[in-house]
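Asker: Under this note's numbering, the first residue of the sequence shown carries the number 3, and numbering increases by one thereafter. Here's a structure for you.
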Amino acid sequence: MKKRLAWTFIAVASGMVGLASIIYLIEMHYHISLFQKKFPLPDPHITYYNYHFEQALIESTIWTAVGTILLAVCISFYIAKRMTAPMIEMRKIAEQMALGNWNSRVKVEGTDELAHLGQTLNHLTEQLQKHEVLRRNLTSDVAHELRTPLATLKSHMEAFEDGIWEPTPVRIHSCQEELERLIHLVGDLEQLTNLESPGFTLHKRKENLVEIIQQSVRTMETNFILKNVELVTQIPECVVVFADRNRIAQILINILSNSLKFTSSGGTVIVKVTEGDNDATILIRDTGIGIPDSEVSKIFERFYRVDKSRSRKLGGSGIGLTIVKKLVEEHKGSIRVESKVGKGTSVFISIPKKDL
Ligand code: ADP
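Next up, the structure:
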């Protein structure tokens, strides 16, 4: 690249200098011969001087042209080197990236196109680095999540096979629970992958939020009755939002399931809706175990569970709220959690009323 650029400069400069010299020499010769024709000089000395004068001019023109071309060669190589240096650096960084070294960055100087290209490459490197970290974390998280139920199942099966344990209905049921957990985890992961895929779209249109809430409440009602947790709704008749009906129901069922999971028998869960100028806010408040202040911001992270063993027993994979947050964000809405240990948890979800 550097050599090609330098030779292009040299060819252009030499061509121009060569052409200018030839034109100059032809013109000079033409003028001298015109002068001699107009004023024929009888003195042979003058003719001789004229001849020498022309030769001197030709020689000096040729030397000037050669000098200029040599200078053009030096300047061309220097300019080509300077111009290609950032590109060579970028190529080296890209090669480093291909080898898995994500910490290299291009030094960005100036504001020209090459500087912009450097900035874009740095941005691309950062994004790829983030995705690589996410990919690694996801793989290790999934492996970690799969290990416990698989190890439990393996030890149970070995005990049955060796005759150490009788395969009683209780023990078989416990194996089945582990399998259920695995199926649940795989289902959640599949959903999260779908949500994060570039082709994912919501089917948004004007919907009555109240109807969606009532439908979700009806779906969950029996579970609340079975656990003896009161489910109260304080909702107006109609609040129109711009949303995907099925996805909003999915969000609500997820949050209601959590409230039910972490609220003991005799507790209460309230679902409230308030309407603002631009959005509607759903509040789901429970009187459950609550979440420590330091953990509230982490509960949306993938696989995060405040009490791992308790959550596992309740069948939680720690992905539910990650999916909820993603769905709320896809709606251009927001989600916020307030909680007090021993008192309960409130989840606020705002959904825009118009298409944003
Ligand atoms: P899980 O499937 O384990 O419920 P989530 O992503 O839905 O996963 O929730 C993450 C964690 O947040 C839960 O494991 C739990 O520790 C905490 N959490 C969520 N909702 C509540 C709630 N209403 N009360 C107490 N803790 C909660």
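All C-beta atoms in this analysis are idealised placements derived from N, C-alpha and C, irrespective of residue type, glycine included. Remember, predicted model here, so these are calculated numbers, not experimental data.
Which residues in the same chain have their Cβ closer than 6 Å to the Cβ of Ser23, if we skip the five residues on either side of it in sequence?
Answerer: Thr63 and Ala67
Asker: Give me the DSSP bridge partner(s) of Gly346.
Answerer: Lys342
Asker: Can you list, in chain order, the residues of its chain whose CB lies under 8 Å from that of Val14, leaving out five sequence neighbours each side?
Answerer: none
Asker: What residue from Met30, Ile81, Val110 and Glu340 has the CA that sits closest to Ile95's CA?
Answerer: Val110
Asker: With a threshold of 8 Å (Cβ to nearest heavy atom), would Val349 be considered close to the ligand ADP?
Answerer: yes
Asker: I believe Ile237 touches Val212 by the beta-carbon criterion, under 8 Å. Please report the beta-carbon distance rounded to the nearest angstrom.
Answerer: The C-beta distance from Ile237 to Val212 rounds to 5 Å, short enough to meet the 8 Å contact threshold.
Asker: Indicate the three-state DSSP secondary structure (helix, strand or coil) for Thr10 in the structure shown.
Answerer: helix
Asker: Could you give the DSSP three-state label for Ile274: helix, strand or coil?
Answerer: Checking the sequence, you will find Lys at residue 274 rather than Ile. Looking at Lys274 - three-state DSSP - the assignment turns out to be strand.
Asker: Just tell me which of Leu140, Asp143 and Val108 has its CA closest to the CA of Glu128.
Answerer: Val108
Asker: The beta strand (DSSP E) that contains Lys263, what's its start and end?
Answerer: Where Lys263 is concerned, there is no enclosing beta strand (DSSP E), although the alpha helix (DSSP H) it sits in stretches over Arg247 to Lys263.
Asker: Taking the alpha carbon of Thr431 as the point to measure from, which residue in Ile284, Phe302 and Ile291 has its own alpha carbon closest?
Answerer: Residue 431 is absent from the model: the chain starts at 3 and stops at 358.
Asker: DSSP on Thr70, reduced to helix/strand/coil?
Answerer: helix
Asker: Say yes only if the C-beta of Phe264 is nearer than 8 Å to one or more non-hydrogen atoms of the ligand ADP, and no if none qualify.
Answerer: yes
Asker: Can you tell me whether DSSP reads Ser142 as helix, strand or coil?
Answerer: helix
Asker: Cβ-heavy atom distance between Arg307 and the ligand ADP below 8 Å?
Answerer: yes
Asker: Cα-Cα, which of Val135, Glu163, Lys300 and Ile301 is closest to Trp2?
Answerer: Since the first and last residues shown for the chain are 3 and 358, residue 2 lies out of range.
Asker: Taking the alpha helix (DSSP H) that Glu223 falls in, what are its first and last residues?
Answerer: Leu211 to Lys229
Asker: What I want to know is whether the C-beta of Ser336 ends up closer than 8 Å to one or more non-hydrogen atoms of the ligand ADP.
Answerer: no
Asker: Name the residue from Val330, Lys310, Val326 and Ser348 whose alpha carbon lies nearest to the alpha carbon of Gln147.
Answerer: What sits at residue 147 in the sequence shown is Glu, not Gln. Nearest C-alpha to Glu147: Lys310.
Asker: Measuring alpha carbon to alpha carbon, tell me which of Tyr26, Leu194, Pro171 and Glu91 ends up nearest Met3.
Answerer: Glu91
Asker: In whole angstroms, what is the alpha-carbon distance linking Phe37 and Phe11?
Answerer: 39 Å
Asker: How do the stretch 150 to 160 and the stretch 188 to 207 stand: do at least 3 beta-carbon pairs fall below 8 Å, yes or no?
Answerer: No: the two stretches stay apart, fewer than three of their Cβ pairs being nearer than 8 Å.
Asker: Given 8 Å as the limit, tell me if Thr324 has its C-beta closer than that to any heavy atom belonging to the ligand ADP.
Answerer: In terms of side-chain proximity, the C-beta atom of Thr324 is found nearer than 8 Å to a non-hydrogen atom of the ligand ADP.
Asker: Output needed for Thr265: all residues of its chain with C-beta closer than 7 Å, excluding positions within five of it in sequence on either side, in chain order.
Answerer: Only Val231, Val271, Asp288, Thr289 and Gly290 meet the Cβ criterion.
Asker: In the structure shown, what three-state DSSP assignment does Leu233 receive?
Answerer: strand
Asker: Any idea if Asp279 is buried or exposed, counting beta-carbon neighbours within 10 angstroms, 16 or more meaning buried?
Answerer: exposed
Asker: Which value, in whole angstroms, describes the spacing of the CA atoms of Ile215 and Phe350?
Answerer: 14 Å
Asker: Spell out the partners DSSP gives Ile325 in its beta bridges.
Answerer: Answer is none; Ile325 lacks a bridge partner.
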